[in-house]
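Structure, as structure tokens:
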Amino acid sequence: MQFEFSTAGRIIFGPGVSAQIPDLVAGFGPRAFLVLGGTPERFAHILDQLTSRTITWQSFSVTGEPTTLMVQAATAAARAAMSQVVLAIGGGSVLDTGKAVAALLTNAGDLFDYLEVVGKGRPLRKAAAPCIAVPTTAGTGAEVTYNAVLGVPDQHVKVSIRSHLMLPRWAVVDPILTHSMPPGLTASTGLDALTQLIEAFVSNKANPLTDGVCREGLQRAGRSLRRAFQDGRDANAREDMSLASLFSGMALANAKLGAVHGFAGPLGGQTLAPHGVICGKLLPYVVQANVRALQDRAADSPALARFDEVGRILTGRSTARASDAVAWIEELCTTLGLPGLRRYGLSEADFPTVAAKAKNASSMKGNPVELNDEELVNILRQAID
Ligand code: NAD
Numbered sequence: 211m212q213f214e215f216s217t218a219g220r221i222i223f224g225p226g227v228s229a230q231i232p233d234l235v236a237g238f239g240p241r242a243f244l245v246l247g248g249t250p251e252r253f254a255h256i257l258d259q260l261t262s263r264t265i266t267w268q269s270f271s272v273t274g275e276p277t278t279l280m281v282q283a284a285t286a287a288a289r290a291a292m293s294q295v296v297l298a299i300g301g302g303s304v305l306d307t308g309k310a311v312a313a314l315l316t317n318a319g320d321l322f323d324y325l326e327v328v329g330k331g332r333p334l335r336k337a338a339a340p341c342i343a344v345p346t347t348a349g350t351g352a353e354v355t356y357n358a359v360l361g362v363p364d365q366h367v368k369v370s371i372r373s374h375l376m377l378p379r380w381a382v383v384d385p386i387l388t389h390s391m392p393p394g395l396t397a398s399t400g401l402d403a404l405t406q407l408i409e410a411f412v413s414n415k416a417n418p419l420t421d422g423v424c425r426e427g428l429q430r431a432g433r434s435l436r437r438a439f440q441d442g443r444d445a446n447a448r449e450d451m452s453l454a455s456l457f458s459g460m461a462l463a464n465a466k467l468g469a470v471h472g473f474a475g476p477l478g479g480q481t482l483a484p485h486g487v488i489c490g491k492l493l494p495y496v497v498q499a500n501v502r503a504l505q506d507r508a509a510d511s512p513a514l515a516r517f518d519e520v521g522r523i524l525t526g527r528s529t530a531r532a533s534d535a536v537a538w539i540e541e542l543c544t545t546l547g548l549p550g551l552r553r554y555g556l557s558e559a560d561f562p563t564v565a566a567k568a569k570n571a572s573s574m575k576g577n578p579v580e581l582n583d584e585e586l587v588n589i590l591r592q593a594i595d
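In my numbering, the protein residues as written are 211 to 595.
Take a look at the structure:
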């Protein structure tokens, strides 16, 4: 057996740890570039503390999921300010923007020199500038992954800039920052984490280290996503979900993902659906299709035993099987009530194109069984409403 495992340089976790942010920033120098979400005033106290430590800072606000245009604009500002450290506080959109800016602060040239698929795909040569990644959603785990997913507006796709040199120097995971998420956001981001844990656990690229991380994350998401959705002030449930998200990022960065994420790139580029909604809507149908395809075409695949184990972890029943995992996920998704993808612009006419793009997506390579065109289209048909 051979495997590699990489994650953020250092991880601090726990309620209240975000109080350490000003000191962490100061440790990297007096010029900081801040990437924040749509309501930067929520972090005014941190900005005040940076100022009182004589740190000069510029900030960039990310609204919506990040695009290449946003990253180019933010990079120009960070380069002009000769920023030494990037502090990103927000959801996955903010963290990915921060990671991309940190990479381009030390690597000359344009974003498209390094962007996969639609760019030149050149490798980064230099370690990214120090990036401190502070998640405020519990879903993406982007604080410990080494890519940034960016929309390319004129090409209707989402692609990554990716390099191990982009791993954040610090991941500061403070569950208290997630308490303000409304139920719908808790649901969609939490389902993203659950999807990442399941896909990494059944991936044909899983290893014993990612397995351990996935089992722990699945237990926590299994017992707490519904609770966090029903009561956003339930601190224990929020803590479980922050850990589940962190672990999902550690797992996906090292074990890759599967069909849900194979679809997420094309659907994210072609529709206005948020990433978490795409994942949550597709998850039950992808799990169902994978289990059926494995039973029909690869009954001796170890992935079937993995799905059985997912069933046992999520239901808490020692006799549960893969079919119980499917039923549990379907019931959870019904409770969380995510809108169908039609609402975000997907129509039946898009199915063949989306399925074809998903089939060739890099995430599809980690899926435990190859799904055919009919199965892929059937997944989309079930997720549209
Ligand atoms: P997001 O960052 O897009 O945020 C969604 C909304 O939630 C925004 O309006 C934001 O302002 C708001 N928000 C964030 N935190 C909040 C809080 N605590 N309280 C209230 N509102 C809050 O959502 P996300 O799901 O975290 O990130 C999605 C992005 O992450 C997508 O672009 C996706 O492609 C990317 N992603 C990246 C990775 C990776 O490894 N790099 C993994 C998964 C997803």
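We treat Cβ as the ideally placed atom computed from N, Cα and C, and that holds for glycine.
Under 7 Å between C-beta atoms of residue i and residue j
| i | j | result |
| --- | --- | --- |
| Ser413 | Lys466 | yes |
| Ala604 | Ala284 | A question about residue 604 goes unanswered here, because the residues of the chain that appear run from 211 up to 595. |
| Leu360 | Val281 | yes |
| Ser398 | Pro345 | no |
| Pro385 | Pro225 | yes |
Distance cut-off 6 Å: residue i Cβ against heavy atoms of ligand 1
| i | result |
| --- | --- |
| Gly247 | yes |
| Asn357 | yes |
| Met460 | no |
| Ser413 | no |
| Ala352 | yes |
| His485 | yes |
| Asp534 | no |
| Leu492 | no |
| Glu275 | yes |
| Gly226 | no |
| Ser455 | no |
| Thr346 | yes |
| Met211 | no |
| Met292 | no |
| Gly427 | no |
| Asp450 | no |
| Val391 | Note that residue 391 is Met in the sequence shown here, rather than Val. It does: the Cβ of Met391 is within 6 Å (strictly closer) of some heavy atom of ligand 1. |
| Leu325 | no |
| Leu407 | no |
| Asp518 | no |
Exposure of residue i, with buried meaning 16 or more beta-carbon neighbours within 10 Å
| i | result |
| --- | --- |
| Gln440 | exposed |
| Gly427 | buried |
| Gly475 | buried |
| Asp320 | exposed |
| Lys309 | buried |
| Ser528 | exposed |
| Phe270 | buried |
| Pro562 | exposed |
| Phe473 | buried |
| Pro276 | buried |
| Met211 | exposed |
| Arg335 | exposed |
| Ala403 | buried |
Heavy atom of ligand 2 within 6 Å of residue i beta-carbon
| i | result |
| --- | --- |
| Asp421 | The model on display carries ligand 1 but not ligand 2. |
Neighbourhood of residue i by C-beta distance below 8 Å, restricted to the same chain and skipping five residues each side
| i | result |
| --- | --- |
| Val579 | Asn500, Ala503, Leu504, Arg507, Ala508, Ser511 and Ala513 |
| Val328 | Phe322, Val362, Gln365, Val367 and Val369 |
Residue nearest to residue i in terms of C-alpha spacing, selected from the options
| i | options | result |
| --- | --- | --- |
| Met292 | Ile265, Leu279 and Pro392 | Ile265 |
| Gly351 | Ser398, Val362 and Ala454 | Ala454 |
| Cys156 | Arg437, Asp444, Met451 and Arg436 | Nothing about residue 156 can be read from this structure; the chain reaches only from 211 to 595. |
| Phe457 | Glu326, Phe411 and Thr307 | Phe411 |
| Ser228 | Asp402, Asp583, Leu407 and Thr388 | Thr388 |
| Gln480 | Gly547, Pro549, Leu395 and Ala568 | Ala568 |
| Pro198 | Ser390, Leu314 and Arg516 | Given a span of 211 to 595 for the chain in the structure shown, any question on residue 198 remains unanswerable. |
| Arg591 | Lys575, Asn464 and Val564 | Val564 |
| Met460 | Gly349, Tyr554 and Leu244 | Gly349 |
| Ala288 | Val487, Leu244, Pro393 and Ile594 | Leu244 |
| Pro158 | Tyr356, Thr346 and Pro345 | Residue 158 is absent from the structure shown; the chain starts at 211 and stops at 595. |
| Gly302 | Leu325, Thr278 and Gly247 | Gly247 |
| Asp306 | Arg372, His255 and Ser573 | Arg372 |
| Leu477 | Ile539, Val272, Gly550 and Ser216 | Gly550 |
| Gly274 | Phe238, Gly468 and Leu482 | Leu482 |
| Asp258 | Glu326, Ile231, Leu279 and Thr278 | Ile231 |
Neighbourhood of residue i by C-beta, 7 Å cutoff - its chain only, sequence neighbours within 5 removed
| i | result |
| --- | --- |
| Ile589 | Leu492, Tyr495, Val496 and Ala499 |
| Arg241 | Thr266, Ala291, Met292, Ser293 and Gln294 |
| Val470 | Thr405, Glu409, Cys489, Leu492, Leu493 and Val496 |
| Val235 | Ala242, Leu260, Ile265, Val295, Leu297 and Ile342 |
| Arg553 | none |
| Phe253 | Leu246 and Ile299 |
| Leu462 | Gly351, Thr355, Gln406 and Ala410 |
| Asp444 | Arg437 and Ala438 |
| Val536 | Pro494, Val497, Gln498 and Val501 |
Sequence-distant residues of its chain with Cβ nearer than 6 Å to residue i (five each side left out)
| i | result |
| --- | --- |
| Lys330 | Asp323 |
| Ala381 | Ala218, Ile221, Ala343, Glu353 and Val354 |
| Leu315 | Ala288 and Ala339 |
| Leu542 | none |
| Ser434 | Ala447, Asp450 and Met451 |
Test: residue i CB closer than 7 Å to a CB of chain B
| i | result |
| --- | --- |
| Ala565 | In summary, chain B is missing from the structure at hand, where a single protein chain is found. |
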